[in-house]
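Asker:
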Amino acid sequence: MFEGFRDELDEHHDRRERIVKASRDVTAQSKKIIFALQRVKQLNKDFPPNIQQDMDTRLAEIAKILERIAPDLQNVNRYRYTSPLRCLEEFVEALSFAHYLRHQKLITPEETQKAMPADISLTPNDYMYGVFDLFGELMRFATVTTAQTGELAGVEDRNIMGDIQELGCAFEILPDVPTKDWRGKMGAMRQSVKKVEKLGYGLVVRGSERPKGWVPDMKDDAPEPSSP
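For reference, each letter of the sequence shown is one residue, going 1 to 228 in the UniProt record's numbering.
1. Rounded to whole angstroms, how far is the Cβ of D133 from the Cβ of E89, which I believe are closer than 8 Å?
2. Determine whether the beta carbon atoms of F97 and E61 lie at a separation below 8 Å.
3. Could you give the DSSP three-state label for G154: helix, strand or coil?
4. Using the DSSP secondary-structure output, state which residues sit across from N50 in a beta bridge.
5. Rounding to the nearest angstrom, what Cα-Cα distance links N44 and H13 in this structure?
6. Out of I160, N77, V196, state which residue places its alpha-carbon closest to the alpha-carbon of E42.
7. So which of I34, E11, D25 has the shortest CA-CA distance to L140?
8. Using a 10 Å radius around the Cβ and a threshold of 16 neighbouring Cβ atoms, would you call Y127 buried or exposed?
9. Which class does N75 belong to by DSSP, given the choice of helix, strand or coil?
10. Should Y100 go down as buried or exposed, given a rule of 16 or more other Cβ atoms within 10 Å for buried?
11. Taking 8 Å as the limit between beta carbons, can you name the residues of its chain near Y79, skipping five residues before and five after?
12. Decide if the stretch 59-74 is in contact with the stretch 104-114; the criterion is three or more beta carbon pairs, one per stretch, under 8 Å apart.
13. Who are the Cβ neighbours of E172 in its own chain at under 6 Å, not counting the five residues just before and after it?
14. If you drop the 5 nearest sequence neighbours on each side, which residues of the same chain put their C-beta closer than 6 Å to that of V196?
15. Measure the C-alpha to C-alpha separation of A94 and V204 and round it to an integer number of angstroms.
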């Protein structure tokens, strides 16, 4: 009997080690995709060939990595190893950022699952936390492209500030999840929305008084009022 327990524990530790290593590699490749996508200059356009090629190469590598551990993540094991699989949040972030840049829309959970390169199911947490992290990428994209063009990226009747505000409002009405991760990501999301709003405010209110291409300083003009 005890030999059976020993074998089961050995199998568990070996499986977890494979998943942890794969997770590190997927996280690294996903971050490199996001870094490449931050070089995109416009929304709703095909990516430049060098960026598209870089992304395709890294997506193919991620597919190989996930396919190797897919047998370890079937049935209940998908939830047993949720913690070591935080790489899927990073992967969702990369997919959602690429989708937004191409279509100026938020990728759906169904589209995200369809884009998964292996027989691994995404959990609601994978999707939600990946989209949480998208806010930071949208804020960085808005800041860089506005500095280059002097205007907020987007189509004529909708720009990136309106998109991030709408998405932020949708997250604000969700029920609170009393965990450190959720509340930390909510705080980071609010900061990203605030920075893009300040960017838009500066362009509209003060931009007309400045030379073309001027971008408002993103540093706070004054400290936030403290709570009584």
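Yeah, the Cβ is synthetic: ideal placement off N, Cα and C, and Gly gets one too. Computed from a predicted structure; not experimentally measured.
Answerer: By the coordinates alone:
1. Mapped onto the sequence shown, residue 133 falls at position 133. Mapped onto the sequence shown, residue 89 falls at position 89. Right, the Cβ-Cβ distance comes to about 7 Å (below 8 Å), so this counts as a contact.
2. Looking up residue 97 in the sequence shown gives position 97. Looking up residue 61 in the sequence shown gives position 61. Contact flag unset, no.
3. Position 154 of the sequence shown, counting from 1, holds the residue named residue 154. Three-state result, G154: strand.
4. Here the question's residue 50 lines up with position 50 in the sequence shown. N50 pairs with nothing; no bridge assigned.
5. Here residue 44 is taken as the residue at index 44 of the sequence shown, counted from 1. Here residue 13 is taken as the residue at index 13 of the sequence shown, counted from 1. So the alpha carbons of these two residues sit roughly 45 Å apart.
6. For the purposes of this step, residue 42 is taken as the residue at position 42 of the sequence shown. Reading off the sequence shown, one finds Gln at residue 42, where the question assumed Glu. Considering only alpha carbons, the answer is I160.
7. By one-based count along the sequence shown, residue 140 stands at place 140. First, the amino acid is wrong: residue 140 is Arg here, not Leu. Closest by alpha carbon: I34.
8. Your numbering for residue 127 matches position 127 in the sequence shown. Its Cβ being crowded by 16 or more others within 10 Å, Y127 is buried.
9. Within the sequence shown, residue 75 is the residue found at index 75, counting from 1. Note: N75 maps to coil in three-state DSSP.
10. The residue you call residue 100 lines up with position 100 of the sequence shown. Buried, by the Cβ-count rule.
11. As a working note, residue 79 is residue 79 in the sequence shown. Closer than 8 Å at the Cβ level, and outside the excluded window around Y79, lie T123.
12. no
13. As a working mapping, residue 172 is identified with position 172 in the sequence shown. Within the same chain, E172 has no close Cβ partners at all.
14. On the sequence shown, position 196 is the one that residue 196 refers to. Around V196: M139, A142, M161, I164.
15. Position 94 of the sequence shown, counted from the start, is the residue given in the question as residue 94. Position 204 of the sequence shown, counted from the start, is the residue given in the question as residue 204. C-alpha separation (whole angstroms): 31 Å.
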